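To start, the structure under review is shown below, and the notes come after it.
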Amino acid sequence: MTPESLIVETFRLSPLQKAALARLNLHTILDLLYYFPTRYSSISEIKNISELIIGEKAVIYGQISNLKTAKGFKSKMTYAEATIEDRTGKIKTIWFRQPYIAKMFGEGDLVKLSGTVSDKNGAKYLSNPEIEKTKDLPIDAGNSLFKNTDQIGAVSYPVYPETQGITSKWIYHAIDKIIKNGTIEAIVDPIPQEILEKYHLPALKTALVWVHMPKEESHGLIARKRFAFEEIFFIQLLRQKAKKEYEKNKSFFVHAKEEDVNDFISRFPFRPTDAQNKAIEDIYKDLRSEKPMLRLLEGDVGSGKTFVAAAIAYALTQERTQGEFTKLQTAYMAPTEILATQLFENFIKYFSHLPVTIGLVTGSGCKKFPSKVDPTGWTNISKTQLMKWVGGGEVDILVGTHAIIQKSVNFKNLAFAIIDEQHRFGTAQRMKLVKKGQPVPHFLSMTATPIPRTLALTIYGDLDLTLLDAMPPGRKPVITDIIYAKNRDQMYEDIRKELKTGRQAYVICPRIDEPDPEKEMALQAKSVKEEAKRLKKNIFQEYEIDILHGKMTPKEKESIMASFEKKEIDILCATSVVEVGVNVPNATIIIIEGAERFGLAQLHQLRGRVIRSNHQAYCYLLTESFGQKTKDRLHALKTAKNGFELAEMDLALRGAGELGGKKQWGVSDLGMEAIKNLKMVEAARFEAKEMLKKNPSLKKYPLILAKLEGKETVSHFE
1 MTPESLIVET FRLSPLQKAA LARLNLHTIL DLLYYFPTRY SSISEIKNIS ELIIGEKAVI
61 YGQISNLKTA KGFKSKMTYA EATIEDRTGK IKTIWFRQPY IAKMFGEGDL VKLSGTVSDK
121 NGAKYLSNPE IEKTKDLPID AGNSLFKNTD QIGAVSYPVY PETQGITSKW IYHAIDKIIK
181 NGTIEAIVDP IPQEILEKYH LPALKTALVW VHMPKEESHG LIARKRFAFE EIFFIQLLRQ
241 KAKKEYEKNK SFFVHAKEED VNDFISRFPF RPTDAQNKAI EDIYKDLRSE KPMLRLLEGD
301 VGSGKTFVAA AIAYALTQER TQGEFTKLQT AYMAPTEILA TQLFENFIKY FSHLPVTIGL
361 VTGSGCKKFP SKVDPTGWTN ISKTQLMKWV GGGEVDILVG THAIIQKSVN FKNLAFAIID
421 EQHRFGTAQR MKLVKKGQPV PHFLSMTATP IPRTLALTIY GDLDLTLLDA MPPGRKPVIT
481 DIIYAKNRDQ MYEDIRKELK TGRQAYVICP RIDEPDPEKE MALQAKSVKE EAKRLKKNIF
541 QEYEIDILHG KMTPKEKESI MASFEKKEID ILCATSVVEV GVNVPNATII IIEGAERFGL
601 AQLHQLRGRV IRSNHQAYCY LLTESFGQKT KDRLHALKTA KNGFELAEMD LALRGAGELG
661 GKKQWGVSDL GMEAIKNLKM VEAARFEAKE MLKKNPSLKK YPLILAKLEG KETVSHFE
């Protein structure tokens, strides 16, 4: 057995187990060794059934009965259910989409379960718990669970992520066999010894034993710290290496006369904040250098990022390419058609006094400003014609969705590429935009999604970071309240008072359609369509109510938003499709149903829809959950002064396995836990920069180079 040996050739596996390992992306022995426990379960975690609290994770022991499989009448989703009983009570247990569980156990079996306590109409149940047979039931926490304490500590044992066909127990015994076989002796540590010693990190072989089989609690923590550092270090190497490669390209030199820019800014009906002025100044410095700009502009909802982008785009419209009359071009890519259309309309307002041509390209069609018929307005044109003008350099600013990166879109002098809410685009999409010009364009990424500084330094390590940490003067903080069922009627009366003054409201629901009553209980939630009917029939009969959701066609969405902006609609029931970019200053109320089902960053984005004027705004967070974790999260939204503070609070509140890093950021949950530690991130970043400074090609570090080449590329610009 070697680290490169295939698991399927080393262990005797059933077809179900082979499929499960493939789903987990575990192919070699080394893959298995790097499949770390999510936690270490302790005897002290055991709860009596009568003590279970909704929303908390718990370990229980009991006798299983009433095993059966069932299928949803409409959804056709199959599931297993059972009753677990200990000396203090009973609890129902459901395994959604796992009917096979009912066949793995028999009536009366003694079992151990680990899972989250959920509720449906006040009745507690365990949802999708980990389950395994046990020989006896512990009487109390003083009973040892371990008979063979030479393999693993007597107070804890590893718990691995499971999938249908592979249990945590199987993974533990497989890794136990690998370690006892001495296979880890053949693994060479890619991290240089001097770095390990500098930060007091264990060597790879030691860390692998400690992370899977800790004799003491500290062993597991130290091993996880080492692997977290390793992951962040390699991400930083990828980012910094990509940045150096991108900066080798030539870009456009932009003179950007200060007096011209000040004249443009002075036309706005407000004074820029100090943060906006500083951001514009930083970006102009980049444009005047010989290297292409790589910058992330992070600002709270309503902090004025679009204004900054417009000021920079203005400078480019005044610039000419050497020896030609053609102006430099700007491309602005937005994640949704609603946002792209609004940006197009905003840029028309900003540039209507100038001889500037602005185009819009989306999946629904193309527009151009100014129109030949009406110089003060825009006109619909064919994509072929718009692309001809873009390619000839006659369109100065092109706004669009991902349609902007299609092969048919070619620029003559693309000097400035802007991506709004860049985490919504894949790496390949971002690369397509920045590679549409030669010389390469200056790149500005913008986001209103609250990102902790440590995460920004890691994920966007190849970008210089600029923060817009101030709001335009006169903006009042949103009054945010957490609302439970008993307070609904009073909330509706408060909203009615605001509506009577002429204001408008959003009602956000997690679903579009009413859920199937046969579906899993954990996903019951209000729907846009039914909530709109209920509000119209029972609550706000005198007001116009309409709906907006992602399944509508772009034209339908555009029509609804236009009616809402014209105040033809008083209350808009919508999904989180309004999360990004929707701008209706008169809408000052937002109700978020099932608030516990949204992430804090998403809730903050949704709340940002009502910070668009100097009127007092209100956000109502409705929840059916009484768990302490939910209360803490929603309270954080209520008390955080801004998105940056909220992001840090969100990171601190979440635990391993809850961060969703691999899916959203390309970082494992172990790495996301490390990102809570600013010193570790800064240390990994420093060491990566130093290594590349001394040896840019990394040829002196063949193990690192091999690991980087084999690692999935998460760089923005490779």
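Every letter in the sequence shown is one number past the one before it in this note's numbering, and letter 350, counting from 1, is 350.
The C-beta atom is built at its ideal place from N, Cα and C for all residues, glycine as well.
All of these numbers come straight from a predicted model, not from anything done at the bench.
Check: Residues of its chain near Leu33, where Cβ-Cβ distance is below 6 Å and the 5 sequence neighbours each way are ignored; Outcome: Leu208
Check: Nearest residue (CA-CA) to Lys722, options Gln342, Leu221, Pro192 and Ala242; Outcome: Residue 722 falls outside the range modelled here, since the chain spans only 1 to 718, and no answer is possible.
Check: Any beta strand (DSSP E) of 3 or more consecutive residues that is wholly inside the stretch 546 to 627; Outcome: 571 to 574, 587 to 592 and 618 to 622
Check: As assigned by DSSP and simplified to three states, the class of Glu4; Outcome: coil
Check: Buried or exposed (CB count within 10 angstroms, at least 16 for buried), Tyr484; Outcome: exposed
Check: Collapsed DSSP secondary structure at Val399 in the structure displayed; Outcome: strand
Check: Straight-line gap, Gln151 to Gly182 (C-alpha atoms, nearest Å); Outcome: With a pLDDT of only 39 at Gln151, under the threshold of 50, the placement of this residue in the model should not be trusted, and no figure is reported.
Check: Contact between the stretch 411 to 423 and the stretch 553 to 570 (3+ Cβ pairs under 8 Å); Outcome: no
Check: Reference Thr69, options Ile590, Met104 and Gln63, closest by Cα; Outcome: Met104
Check: For Asp86, the residue or residues it bridges with in DSSP; Outcome: Gly89
Check: Within 7 Å, strictly: CB atoms of Thr317 and Lys305; Outcome: no
Check: With 16 other Cβ atoms within 10 Å as the buried cut-off, status of His604; Outcome: buried
Check: Distance CB(Val211)-CB(Phe36) smaller than 7 Å; Outcome: yes
Check: Under the three-state DSSP convention, the category Phe96 falls into; Outcome: strand
Check: For Arg503 and Ala587, the rounded distance between their alpha carbons; Outcome: 6 Å
Check: Closest Cα partner of Ala652 within the set Asn642, Arg633, Leu297 and Thr639; Outcome: Arg633
Check: Ala186: CB within 6 Å of a non-hydrogen atom of the ligand NAD; Outcome: By its list of ligands, the structure shown contains no ligand whatsoever, and the ligand NAD lies outside what it can speak to.
Check: Identity of the residue in Phe253, Ile91, Ser168 and Glu231 nearest Lys707 by Cα; Outcome: Glu231
Check: Gln385 burial status per 10 Å Cβ neighbour count (16 or more: buried); Outcome: exposed
Check: Residues bridged to Cys366 [DSSP beta-bridge criterion]; Outcome: Val361 and Ile381
Check: Ala417 vs Pro441 beta-carbon contact at 7 Å; Outcome: yes
Check: Candidates Ser118, Thr2, Thr88 and Ala532: closest to Trp95 by CA position; Outcome: Ser118
Check: Exposure of Leu398, with buried meaning 16 or more beta-carbon neighbours within 10 Å; Outcome: buried
Check: C-beta contact flag for Thr480 and Ile675 at 7 Å; Outcome: no
Check: Whole-number beta carbon distance between Leu24 and Ile179, since they are thought to touch under 8 Å; Outcome: Actually they are not in contact, since the Cβ atoms of Ile179 and Leu24 sit about 19 Å apart, beyond 8 Å.
Check: Backbone secondary structure at Ser697 - three-state DSSP; Outcome: coil
Check: Sufficient close CB pairs (3 or more, under 8 Å) joining the stretch 685 to 692 to the stretch 230 to 248; Outcome: yes
Check: Where His200 falls, given that 16 or more other Cβ within 10 Å makes a residue buried; Outcome: exposed
Check: Pair within 7 Å by beta-carbon distance, Leu296 and Leu463; Outcome: yes
Check: Through-space distance from Lys557 to Lys550, alpha-carbon basis; Outcome: According to the sequence shown, residue 550 is Gly rather than Lys. The alpha-carbon atoms of Gly550 and Lys557 are separated by roughly 8 Å.
Check: Span separating the alpha-carbon of Phe146 from that of Thr134; Outcome: Residue placement at Phe146 is poorly supported in this model, since its pLDDT is 31, which falls under 50; the coordinates still yield a value, given next. Roughly 12 Å separates the two Cα atoms.
Check: Sub-7 Å separation of Ile84 and Ile91 beta-carbons; Outcome: yes
Check: Pro702 - DSSP class collapsed to helix/strand/coil; Outcome: helix
Check: Cβ-based burial, Val301 [other Cβ within 10 Å; buried from 16]; Outcome: buried
Check: Nearest neighbour of Gln17, chosen from Leu67, Gly461, Tyr350 and Trp170 [CA to CA]; Outcome: Trp170
Check: Inter-stretch contact at 8 Å, needing at least 3 Cβ pairs: the stretch 252 to 259 / the stretch 215 to 231; Outcome: no
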